[in-house]
Structures are given as structure tokens and as C-alpha cells.
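What follows is a set of notes on a single structure, which appears directly below.
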Amino acid sequence: MKLFVDTGDIEEVRQAAEWGILDGVTTNPTLIAKTGHGFKETVLKICDLVPNGAISAEVVATDYDTMLKEALEIHSWHPNIVVKVPLIEPGVHLVKTLSDKNIKTNVTLVFTVSQALLAAKAGATFISNFVGRVDDISDEGMVAVSKTVQMVENYGYDSEVLVASVRHPLHVVQAVEAGAHICTLPFKIMSMLFKHPLTDAGLKRFLSDWNDAGLSIFPKEA
Ligand code: G3P
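Structure representation (C-alpha cells):
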């Protein structure tokens, strides 16, 4: 499963990229607004930090003609950019247009398998199923992810299912269980994936026993 970090924070991207497990970055208008910096400059810095990654950058218009102009502008900034498009009627039309031009798209704000079907039929590269915002209203967001994975596989669509709106590490586990292709997660949650108390305790015991035995990897200095 590919892992993307869901942020516009350059330092978070830098750290996640350093770990060597980062496959891409997703941004959205809220995450970009939080940076206090310009959209293009932020996206291009992210592209530089993740040279082999898919970098999602979202249009903000809601009419087809303006969305298309924005999409072509964003696409022109860097070859690794994936144009992020909301699942609304003009957005699906735009995804079809961009797909026909071989421009990669990430269809966002997807909550149902029927919405995901429209995105897949339009040729979406990624389908961003939001799970946390569904869980936030006491429902089970991951159900639509499982159905979307099944739908893509049943009909042989090329779209990759991207689990988004992740709230905790269990969402990542559930994304794996659902067979999702990608999971995008906040940096804080990506950091939590490393953690386990038994790992900490086990390492502490290894090092204690090693040191107690007075051992060294390198030849002891005479
Ligand atoms: O960026 C897309 C998605 O991951 C954002 O979800 O609910 O954390 O705003 P949320």
C-alpha cells in the first residue's frame, strides 16, 4: 500500500520523506491556507522534497470552465502534480476531460461507492474516499472504502482507491485490510505508526544486556 502524507507543512514533508517510506503528498485548500504561504510556492517545494512522489494540488473553482483553466495551470507547474478535483458534476466532467489529456487526477470528497463509481468511470487516477469525516458523525467510513475497492476490482477500472481523512493508526490498518491502494494521513498519525511499547521495551533490554556484557561493534581502542 502506498503511503502519502496529508499536509502542506514543508517541514512535515521533509521529515516524512527522510524516512524513505513516502510515496506522495496530498494537499487541499484548508491545508494550503494553514501554511501562510502561496499555493504554487508550497506545492513546488513539496515536489522538490518528494521527487518521485505524486503531489496532489486542488482546484478551487466550482464551474467547469474555470476549473479547467485552474487544472491546466496547476498541471503546468510540475510533472509530478496530480490535479485534485471535488466530486461534483462539473468536477466529474473535468476529470473526464483531463483523463482524455492524460493528466492525472485525484477525485476528492468522495463518501459513497456510487460517487466513487462516477469518478472511476470518468477516469480518475486516484479516488479519495474520506473515512474520518464519516466516523466523526457516528457512521463507518471504511465501509465505502471496501465497497470501492471491490467495485474497482469487479469492473477492472484503473483508478486507485485512496483512503483519506484518516484520524488514527487503526484507519491505516483497516485500509490495509480493505485492500486500498493508497492511504494519506496527517504527519502526526504517520509518526504514530512507528510506535509500540514492546518495541521500546525490547530495544531497551537489548542495549542494556549488550552494555552489561561490555561488548562493542568496533575494535576496542588499545
Ligand atoms: O486532504 C484530504 C483529506 O485527507 C482531509 O481530510 O477530514 O482530515 O480534513 P480531513
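Going by our numbering, the first residue of the sequence shown is number 949, and it counts up by one from there.
In this text, a Cβ means the ideal position worked out from N, Cα and C, and glycines have one as well.
- Taking C-alpha atoms, which residue in W1158, L1118, E1037 lies nearest to K1143? L1118
- What is the DSSP secondary structure of A1161, counted as helix, strand or coil? coil
- Could you check what DSSP says for N1054 in three-state terms: helix, strand or coil? strand
- Have a look at the DSSP bridge pairing and note the partners of V1033. V1055
- Buried versus exposed call for N1102 [16 or more other C-beta atoms within 10 Å across all chains shown]: exposed
- Task: Could you pull the start and end residues of the alpha helix (DSSP H) that I958 belongs to?
- Result: 958–966
- Message: Quick check on D1106: buried or exposed, where buried means 16 or more other Cβ atoms within 10 Å of its Cβ?
- Response: exposed
- Message: For ligand 1, I want to know if A965 counts as a neighbour, meaning its beta carbon is within less than 6 Å of at least one of the ligand's heavy atoms.
- Response: no
- Task: Take V1111 as the anchor and find which of S1094, I1003, A1126, N1077 has the nearest alpha-carbon.
- Result: N1077
- alpha helix (DSSP H) runs contained entirely in the stretch 1081–1165, provided each spans 4 or more residues: 1090–1103, 1117–1126, 1135–1140, 1145–1160
- Query: Unbroken alpha helix (DSSP H) runs of length 4 or more, entirely within the stretch 974–1001: which are they?
  - Reply: 977–983, 987–997
- Task: Compare the beta carbon distance of T955 and F1074 with 7 Å and say whether it is the shorter of the two.
- Result: no
- Task: Spell out a yes or no on whether the stretch 1079–1094 and the stretch 1046–1056 are touching, meaning 3 or more CB-CB pairs, one atom from each, closer than 8 Å.
- Result: no
- Message: Going by beta-carbon coordinates alone, are T983 and A1005 separated by less than 7 Å?
- Response: no
- Query: Among N1000, F987, P1038, E1037, which residue has its Cα nearest to the Cα of E1021?
  - Reply: F987
- Message: Given this structure, state the Cα-to-Cα distance separating V1120 from E960, to the nearest angstrom.
- Response: 19 Å
- Q1122 versus G1080 - alpha carbon distance: 12 Å
- Does the beta-carbon of T1172 have 16 or more other beta-carbons within 10 angstroms, so that it is buried, or is it exposed? No statement about residue 1172 is possible, as the shown extent of the chain runs from 949 to 1170 and does not include it.
- Message: If distances are taken between C-alpha atoms only, which option among V998, A1149, T1045, W1158 comes closest to S971?
- Response: The sequence shown places Asp at residue 971, rather than the Ser named in the question. Among V998, A1149, T1045, W1158, the Cα nearest to that of D971 is on V998.
- Query: Out of I1137, F1059, P1027, L1066, which has the shortest C-alpha to C-alpha gap to V1040?
  - Reply: L1066
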